[in-house]
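Student: Residue numbers for the first sequence follow the working numbering, so the first one is 3 and each next one is one higher.
We put the beta carbon where it would ideally sit given N, CA and C, even for glycine.
Since this is a predicted model, take the numbers as computed values, not measurements.
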Amino acid sequence: MLDITIIREKPEWVKEQMEKLNDMAAKDRIDEIVRLDAERRALLTEVEDLKAARNRVSKEIGRMKDQEAREAKIVEMQGVAAQIDELDEQVHQVEAELDEHMNWVPNLPHTSVPVGPDDSHNIVKETFGELPNFDFTPQAHWDFGPALGILDFERGVKLSGTRFYVLRAAGARLQRALINWMLDLHTTQHGYTEIISPYMVREAIMYGSSQLPKFGENLYRDIEEDFYFIPTAEVSLTNLHRDEILEAGQLPIDYVCYTECFRREKMSAGRDVRGMKRGHQFAKVEMYKFTRPEDSYDALEQMVQHAGDVCRALGIPWRIVEMVTGDLGFQATKKYDLEMWAPGCGEWLEVSSLSNCEAFQARRANIRYRPEPKAKPQFVHTLNGSGLALPRVMIAVMENYQQADGSVVVPEALRPYMGGLEVIEAE
RNA sequence: GGAGGGAUGGCCGAGUGGACGAUGGCGGUGGUCUUGAAAACCAUUGAGGUAUUUUGUAUCUCCGGGGGUUCGAAUCCCUCUCCCUCCGCCA
Numbered sequence: 003m004l005d006i007t008i009i010r011e012k013p014e015w016v017k018e019q020m021e022k023l024n025d026m027a028a029k030d031r032i033d034e035i036v037r038l039d040a041e042r043r044a045l046l047t048e049v050e051d052l053k054a055a056r057n058r059v060s061k062e063i064g065r066m067k068d069q070e071a072r073e074a075k076i077v078e079m080q081g082v083a084a085q086i087d088e089l090d091e092q093v094h095q096v097e098a099e100l101d102e103h104m105n106w107v108p109n110l111p112h113t114s115v116p117v118g119p120d121d122s123h124n125i126v127k128e129t130f131g132e133l134p135n136f137d138f139t140p141q142a143h144w145d146f147g148p149a150l151g152i153l154d155f156e157r158g159v160k161l162s163g164t165r166f167y168v169l170r171a172a173g174a175r176l177q178r179a180l181i182n183w184m185l186d187l188h189t190t191q192h193g194y195t196e197i198i199s200p201y202m203v204r205e206a207i208m209y210g211s212s213q214l215p216k217f218g219e220n221l222y223r224d225i226e227e228d229f230y231f232i233p234t235a236e237v238s239l240t241n242l243h244r245d246e247i248l249e250a251g252q253l254p255i256d257y258v259c260y261t262e263c264f265r266r267e268k269m270s271a272g273r274d275v276r277g278m279k280r281g282h283q284f285a286k287v288e289m290y291k292f293t294r295p296e297d298s299y300d301a302l303e304q305m306v307q308h309a310g311d312v313c314r315a316l317g318i319p320w321r322i323v324e325m326v327t328g329d330l331g332f333q334a335t336k337k338y339d340l341e342m343w344a345p346g347c348g349e350w351l352e353v354s355s356l357s358n359c360e361a362f363q364a365r366r367a368n369i370r371y372r373p374e375p376k377a378k379p380q381f382v383h384t385l386n387g388s389g390l391a392l393p394r395v396m397i398a399v400m401e402n403y404q405q406a407d408g409s410v411v412v413p414e415a416l417r418p419y420m421g422g423l424e425v426i427e428a429e
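1) Just to confirm, is the Cβ distance from residue 236 to residue 369 under 8 Å?
2) Would you tell me roughly how many angstroms separate the C-alpha atoms of residue 351 and residue 205, rounded to the nearest one?
3) Would you say residue 382 and residue 364 are within 8 Å of each other, going by their C-beta atoms?
4) Do residue 140 and residue 250 come within 8 Å of each other at the CB atom, strictly closer than that value?
5) Three or more beta-carbon pairs under 8 Å between the region 37-49 and the region 91-106, yes or no?
6) Can you check whether the CB of residue 184 is closer than 8 Å to the CB of residue 389?
7) With residue 340 as the anchor, note down where its alpha helix (DSSP H) starts and where it stops.
8) Please name the residue, chosen from 406, 412, 429, that lies closest to residue 136 on a Cα-to-Cα basis.
9) What's the gap between the Cα of residue 349 and the Cα of residue 107?
10) Please state the DSSP three-state secondary structure of residue 284.
11) Between which residues of its own chain and residue 257 is the CB-CB distance below 7 Å, once the five residues before and five after are set aside?
12) Under 8 Å: do the region 417-426 and the region 333-344 share three or more Cβ pairs, one atom per stretch?
13) Would you mind stating whether residue 299 and residue 323 have Cβ atoms separated by less than 8 Å?
14) Taking 7 Å as the limit between beta carbons, can you name the residues of its chain near residue 29, skipping five residues before and five after?
15) Please work out which residues of its chain come closer than 8 Å, Cβ to Cβ, to residue 109, disregarding the five sequence neighbours upstream and downstream, and give them in chain order.
16) Hey, residue 219 and residue 266 are a contact pair by Cβ (cut 8 Å); roughly how many whole angstroms apart?
17) Give me, in chain order, the residues of the same chain whose beta-carbon lies closer than 8 Å to that of residue 403; leave out the 5 immediate sequence neighbours on both sides.
18) What residue does the beta strand (DSSP E) around residue 357 start on, and which one ends it?
19) Going by the CB atoms, is the gap between residue 53 and residue 86 shorter than 8 Å?
20) Across which residues does DSSP place residue 320 in a beta bridge pair?
21) How about residue 229 and residue 263: do their beta carbons lie closer than 8 Å?
22) Note down, in chain order, each residue of its chain lying with its Cβ closer than 6 Å to the Cβ of residue 215, except the 5 sequence neighbours on either side.
23) Starting from residue 296 and walking both ways along the beta strand (DSSP E), at which residues does that stretch end?
24) Please look up how many angstroms separate the CB atoms of residue 167 and residue 281, rounded, as I've assumed it's under 8 Å.
25) What does the alpha-carbon distance come out to for the pair residue 288 and residue 125?
26) Across which residues does DSSP place residue 372 in a beta bridge pair?
27) Assuming residue 1 contacts residue 428 (C-beta within less than 8 Å), just tell me the rounded distance between them.
28) Just checking my contact of residue 319 with residue 133 at CB under 8 Å: how many whole Å lie between their CB atoms?
29) Would you mind listing the beta strand (DSSP E) stretches within the region 162-192 that are 3+ residues and don't spill past its ends, in chain order?
30) Identify which residue in 242, 155, 117, 248 has its Cα closest to the Cα of residue 24.
31) Could you please give the first and the last residue of the uninterrupted beta strand (DSSP E) stretch that includes residue 391?
32) Looking only at its chain, what residues have a beta carbon closer than 7 Å to the beta carbon of residue 201, apart from the 5 residues adjacent to it on each side?
33) Look up residue 259 in the DSSP assignment and give the residues it is bridged to.
34) Could you tell me the distance, in whole angstroms, from the CA atom of residue 181 to the CA atom of residue 307?
35) What are the uninterrupted segments assigned as alpha helix (DSSP H) that are 4 or more residues long and contained completely in the region 10-42, given in chain order?
36) Please go through the same chain and pick out, in chain order, the residues whose beta-carbon is closer than 7 Å to the beta-carbon of residue 146, but skip the five residues on each side of it.
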């Protein structure tokens, strides 16, 4: 959620930002927000004067001895109370409307973000590693994976339908090795604190990280128990410090959390249906930071490095892509994607998405800190980034390390996590 | 699933219709005392709005969430959520 004062003070400028984001629906809400905000404040002034009068007279009534005068005052105040009720009701309505509009307004892009209409204009900032040359035609993981006995799409479908698969034997172990290795890297080398948190959360939590109301379509939920299944650990991690006032000395807080993620993928129906690239359930190691406002952009660059360290250590070609305004998404002021090369599929796969959300989520989840002892609390900045998403890393590892005979070499970094296994071969 | 009991400030805990944003204690901060520290004593110590060009002042709201009764609610009523105790069930 944006700070209402920026809309109040610079509505035209905010509209320009919405245009850059290519979010015309949000732009159209701005005038209404300005109107509702003014109405709200006018109503508040009115009703608060009445309440002040009521409080004052009620105290007098408590002290009055003269029964007749007392009765007269009570009758008088009955009228005032009725007016207050009516105005309070109006305030509630206006606030609910205002809230609804604010919930659909995205975060403002940082000044450093290149302006562009959509993802086709994103900028490849830097590419690392050489694209591999094979002396055979590299296969897609969906071809050699099942043959190796490590990947089973048919049985995944049997269990749960399309977009599900089963990892088996060294395939299952490879994913577990990657998870453990990433967690170890981030906790021991990058200073993150490891978290394990619920995969199911209440509705209010989804508003806190702004998955709701805009992205409800992409969420699984249990209606009977009113639980939502998290589409990313970002949801749980954002809300971990919900309604808290942190001490400045606690910041930055850096968390890393492995979870399964659940997504309906309604928006991408029919896309990426083949292979492991886009499933309804997938594993992800997520990095998350709470920082002071002045530190958040440095923290973002740092987090890009941390995610990049994972790519680098795997020895797979990767690149950093900077999002233009039109592809920023809802919560981010600035965002990078990390992509790994997959020679079998022949495409760059998004293995990480790293965002600074500034105070956007903190405002919704009410996460503050005290800059100085006794100072007024301020909203923290929050950042999130994958470190990394497992299925696509699995694809990249399998496809980059495949050999002519269909076997897969285990990257050196992972061997200690695979019991020393060097090559995954058919049983 | 059954039966009870609870939710009050950073923490503990008092408050059952009117000077209660809330006794008291702990903790925090500042001071007195001290060579220094401790102890003791004194003072201070929540959050969010709105108005007023304003660092002050006034006022409103907040005692788990929402709704109700009343001139007036931490206090009475309804409802939801969460926690605790006992029983049952269970990885």
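Tutor: Taking the geometry as given:
1) Numbered from 1 along the first sequence, position 234 holds the residue referred to as residue 236. Numbered from 1 along the first sequence, position 367 holds the residue referred to as residue 369. Not a contact, by the Cβ cut-off of 8 Å.
2) Looking up residue 351 in the first sequence gives position 349. Looking up residue 205 in the first sequence gives position 203. Within the model, the alpha-carbon separation for residue 351 versus residue 205 is close to 31 Å.
3) Looking up residue 382 in the first sequence gives position 380. Looking up residue 364 in the first sequence gives position 362. Yes. Within cutoff.
4) One-based indexing of the first sequence puts residue 250 at position 248. One-based indexing of the first sequence puts residue 140 at position 138. Contact: no.
5) Three or more Cβ pairs drawn from the region 37-49 and the region 91-106 lie within less than 8 Å of each other, which places the two stretches in contact.
6) Here residue 389 is taken as the residue at index 387 of the first sequence, counted from 1. Here residue 184 is taken as the residue at index 182 of the first sequence, counted from 1. Against a cut-off of 8 Å, the Cβ pair of residue 184 and residue 389 comes out as a contact.
7) As a position in the first sequence, residue 340 is number 338, starting the count at 1. Segment 336-344 is the beta strand (DSSP E) holding residue 340; no alpha helix (DSSP H) there.
8) For the purposes of this step, residue 136 is identified with residue 134 of the first sequence, where counting begins at 1. Of the listed residues, the one whose Cα sits closest to residue 136 is 406.
9) Residue numbering aside, residue 349 sits at position 347 when the first sequence is read from its first letter. Residue numbering aside, residue 107 sits at position 105 when the first sequence is read from its first letter. Between residue 349 and residue 107, the C-alpha separation is close to 33 Å.
10) The residue you call residue 284 lines up with position 282 of the first sequence. Here residue 284 sits in strand by DSSP.
11) Mapped onto the first sequence, residue 257 falls at position 255. Excluding positions up to five away in sequence, the list reads 194, 195, 197, 239, 290.
12) Cβ pair count under 8 Å is below three, so no.
13) Here residue 299 refers to the residue found at position 297 of the first sequence. Here residue 323 refers to the residue found at position 321 of the first sequence. In this structure, residue 299 lies away from residue 323, with their beta-carbon atoms at least 8 Å apart.
14) Position 27 of the first sequence, counted from the first residue, corresponds to residue 29. For residue 29, where only same-chain residues beyond five positions count, the Cβ hits under 7 Å are 17, 20, 21.
15) Stepping through the first sequence from its first residue, residue 109 is reached at position 107. The answer, listed in chain order, is 4, 330, 332, 333, 334, 335, 359, 360, 362.
16) Position 217 of the first sequence, counted from the start, is the residue given in the question as residue 219. Position 264 of the first sequence, counted from the start, is the residue given in the question as residue 266. At roughly 7 Å, the Cβ-Cβ gap stays under 8 Å, so residue 219 and residue 266 are in contact.
17) Locating residue 403 in the first sequence gives position 401, where the first residue counts as 1. Hits under 8 Å: 410, 411, 412, 413.
18) For the purposes of this step, residue 357 is identified with residue 355 of the first sequence, where counting begins at 1. Where residue 357 is concerned, the enclosing beta strand (DSSP E) stretches over 349-358.
19) In the first sequence, counting from the first residue as 1, residue 86 sits at position 84. In the first sequence, counting from the first residue as 1, residue 53 sits at position 51. Cβ atoms of residue 86 and residue 53: closer than 8 Å.
20) Translated into positions along the first sequence, residue 320 becomes position 318. According to DSSP, residue 320 bridges with 130, 342.
21) The sequence position of residue 229 within the first sequence is 227, counting from 1. The sequence position of residue 263 within the first sequence is 261, counting from 1. For residue 229 and residue 263, no; Cβs fall outside 8 Å.
22) On the first sequence, position 213 is the one that residue 215 refers to. Only 105 meet the Cβ criterion.
23) In the first sequence, residue 296 corresponds to position 294, counting from 1. Where residue 296 is concerned, there is no enclosing beta strand (DSSP E), given that its DSSP letter is neither H nor E.
24) Sequence index remark: in the first sequence, residue 167 carries index 165 (1-based). Sequence index remark: in the first sequence, residue 281 carries index 279 (1-based). Going by Cβ atoms, the distance from residue 167 to residue 281 rounds to 7 Å, so yes, they are a contact pair.
25) Against the first sequence, residue 288 aligns to sequence position 286. Against the first sequence, residue 125 aligns to sequence position 123. Distance between the alpha carbons of residue 288 and residue 125 is about 24 Å.
26) The residue you call residue 372 lines up with position 370 of the first sequence. Paired residue(s): 249.
27) The shown model of the chain, from 3 to 429, leaves out residue 1, and the question about it has no answer.
28) Your numbering for residue 319 matches position 317 in the first sequence. Your numbering for residue 133 matches position 131 in the first sequence. Contact between residue 319 and residue 133 holds, with the beta-carbon distance rounding to 5 Å and staying under 8 Å.
29) none
30) Here residue 24 refers to the residue found at position 22 when the first sequence is read from its first residue. It is 117 whose Cα lies nearest to the Cα of residue 24.
31) Within the first sequence, numbered from 1, the residue matching residue 391 stands at position 389. Segment 383-391, the beta strand (DSSP E) holding residue 391.
32) Locating residue 201 in the first sequence gives position 199, where the first residue counts as 1. Excluding the 5 residues flanking it on each side, residue 201 has same chain C-beta neighbours closer than 7 Å at 231, 232, 261, 262, in chain order.
33) Translated into positions along the first sequence, residue 259 becomes position 257. Residue pairing of residue 259 in beta bridges, as defined by DSSP: 197, 288.
34) Residue numbering aside, residue 181 sits at position 179 when the first sequence is read from its first letter. Residue numbering aside, residue 307 sits at position 305 when the first sequence is read from its first letter. C-alpha separation (whole angstroms): 18 Å.
35) Note on the region 10-42: whole alpha helix (DSSP H) runs with a minimum of 4 residues are 13-22, in chain order.
36) Stepping through the first sequence from its first residue, residue 146 is reached at position 144. Excluding five sequence positions before and after residue 146, the CB atoms of its chain that fall closer than 7 Å to its own CB belong to 404, 408, given in chain order.
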